[in-house]
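Per my numbering, residue 39 is the first one in the sequence shown, and the count goes up by one each step.
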Amino acid sequence: LLNRAIEQHRRVPGSDPFVDAIMPTLRRAEGAAVSELKRSEVSVNIEQTVSAARKSITGKSKAEAILGLAHIHRISNVDEMKNLALQLAAQFPLQGLLGAAILDREGRTVGRRPALSAADPAADQDEAIFARMVEQASFRRRSAVPAVLLPALLQLEFEHVVLWQDMLDLVSCSPFVPQDRMRIFSDGLHAGFKQDFCTAVHLLVPQIENSLRHLMQQNDMVTTRLDRYGVQRQIDLNDLVVDPRAEEVISVDVLFELRSLCTDNRGPNLRNLLAHGMLSDDALSSADALYAWWLVLGLCIFSPAVQPRSVRGTGVAK
Numbered sequence: 039l040l041n042r043a044i045e046q047h048r049r050v051p052g053s054d055p056f057v058d059a060i061m062p063t064l065r066r067a068e069g070a071a072v073s074e075l076k077r078s079e080v081s082v083n084i085e086q087t088v089s090a091a092r093k094s095i096t097g098k099s100k101a102e103a104i105l106g107l108a109h110i111h112r113i114s115n116v117d118e119m120k121n122l123a124l125q126l127a128a129q130f131p132l133q134g135l136l137g138a139a140i141l142d143r144e145g146r147t148v149g150r151r152p153a154l155s156a157a158d159p160a161a162d163q164d165e166a167i168f169a170r171m172v173e174q175a176s177f178r179r180r181s182a183v184p185a186v187l188l189p190a191l192l193q194l195e196f197e198h199v200v201l202w203q204d205m206l207d208l209v210s211c212s213p214f215v216p217q218d219r220m221r222i223f224s225d226g227l228h229a230g231f232k233q234d235f236c237t238a239v240h241l242l243v244p245q246i247e248n249s250l251r252h253l254m255q256q257n258d259m260v261t262t263r264l265d266r267y268g269v270q271r272q273i274d275l276n277d278l279v280v281d282p283r284a285e286e287v288i289s290v291d292v293l294f295e296l297r298s299l300c301t302d303n304r305g306p307n308l309r310n311l312l313a314h315g316m317l318s319d320d321a322l323s324s325a326d327a328l329y330a331w332w333l334v335l336g337l338c339i340f341s342p343a344v345q346p347r348s349v350r351g352t353g354v355a356k
């Protein structure tokens, strides 16, 4: 009700004082609402999956183990995620009709999931479908980390000592890593192998943006925009992941993974929250942080070279 009141006031010229007066009440209500939320949990036995992940790394050489870790999980497929969103809308129509608000830890609304009806194929349903794709991608990532990625990483660490030089050797021949960023990538990837994901995320997530621009520039694509004063500004990750030209240098599945993980406010939104200092200690040691490190490791190894957007394959980069 308070949100609706603010929305209506903003439509009336000169009503800013009313909005300012309502905001403190809204913040108190949002903070109190967090304690009223109920956690929904589902127990799943992942013992066999964990065992299989460890076994896939066991007995391999260091290089083979790192390659196996990078290839152990398949990233989200855009077409599959869209079909799943439509299936869930058909299976649970009431849930789709209601929509939802996405709250942060303090109860602030940071995103919205529009209502979705499987019976309504209208174009304005695209945003509602995509919101559910982001939601399902988050579920998928947070399931993969404890069941697959973390067990495989722990097994690799148990059998091998990954050195900083190993990471430098890896990134030095990767088209995803510009020559003047090799130390940054080496530091970030090495930190992940020491389970220091706070350092890894701070170093690697901002570099994803620059590496996408690097790939595009290598293919004669302009990655700057002129403002009204004639100043050129670099396109940031929020725009890069939705730029159709990017599909010529990296797969649509990778772009979706980056968008749902790093820039969409209905997901972890790692890039934007990191840039504004809004990630807590817990967030920087979460499943999303580990996944982001693993995704960059895969991008460095599988090196998304220039390929037609129709090329499909397995692994991280296609």
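In this text, a Cβ means the ideal position worked out from N, Cα and C, and glycines have one as well. What you are looking at is a predicted structure, and each value in this text was computed from that prediction instead of being measured.
Query raised in the report: Do you know whose CA, among Val116, Ala67, Pro244, Ile273, lies nearest His314's CA?
Result: Pro244
Query - Endpoints, beta strand (DSSP E) assigned at Thr262 - result: 262-264
Query - Selected residue, minimal CA-CA separation from Ser181, among Val80, Leu227, Leu201, Ala139 - result: Val80
Requested in this report: Compare the C-alpha of Thr147 against each of Leu264, Asn41, Asp319, Arg271 and name the closest.
Outcome: Asn41
Query raised in the report: Which class does Arg77 belong to by DSSP, given the choice of helix, strand or coil?
Result: coil
Query - Beta-ladder partner(s) of Ala33, from DSSP - result: Any property of residue 33 remains undetermined from this structure, which presents the chain solely from 39 to 356.
**Report entry** Start-to-end residues for the alpha helix (DSSP H) that takes in Gln233
**Finding:** First-last for Gln233: undefined, no H or E at that position.
Query raised in the report: If we ignore side chains and look at the alpha-carbon of each, how far apart do Met61 and Val50 end up?
Result: 16 Å
Report task. On a CA-only basis, which of Thr262, Asp117, Leu278, Ala108 is nearest Arg271? Give me that one, please. Result -> Thr262
Query raised in the report: Which residues share a DSSP beta bridge with Arg251?
Result: Paired residue(s): none; Arg251 is not in a bridge.
Query raised in the report: Does any heavy atom of the ligand ZN sit closer than 7 Å to the C-beta of Val172?
Result: Within the structure as shown, the ligand ZN is missing, as the structure has no ligands at all.
Query - Nearest to Val186 (by Cα), restricted to the options Ser298, Leu296, Ala90 - result: Ala90
Query - Integer Cβ distance of Glu68 from Glu165, believed to fall under 8 Å - result: Incorrect: roughly 24 Å between the Cβ atoms, too far for contact.
**Report entry** The beta strand (DSSP E) enclosing Gln270, as first and last residue numbers
**Finding:** 270-272
Query - Where Asn276 falls: helix, strand or coil (DSSP) - result: helix
**Report entry** Leu107: first and last residue of the uninterrupted alpha helix (DSSP H) it sits in
**Finding:** 100-108
Query raised in the report: alpha helix (DSSP H) containing Asn310: first to last residue?
Result: 308-313
Query - Minimum C-alpha distance to Leu227 - residue among Asp274, Ala327, Ser53, Thr63 - result: Ala327
Requested in this report: Go ahead and pull the three-state DSSP assignment for Ile113.
Outcome: coil
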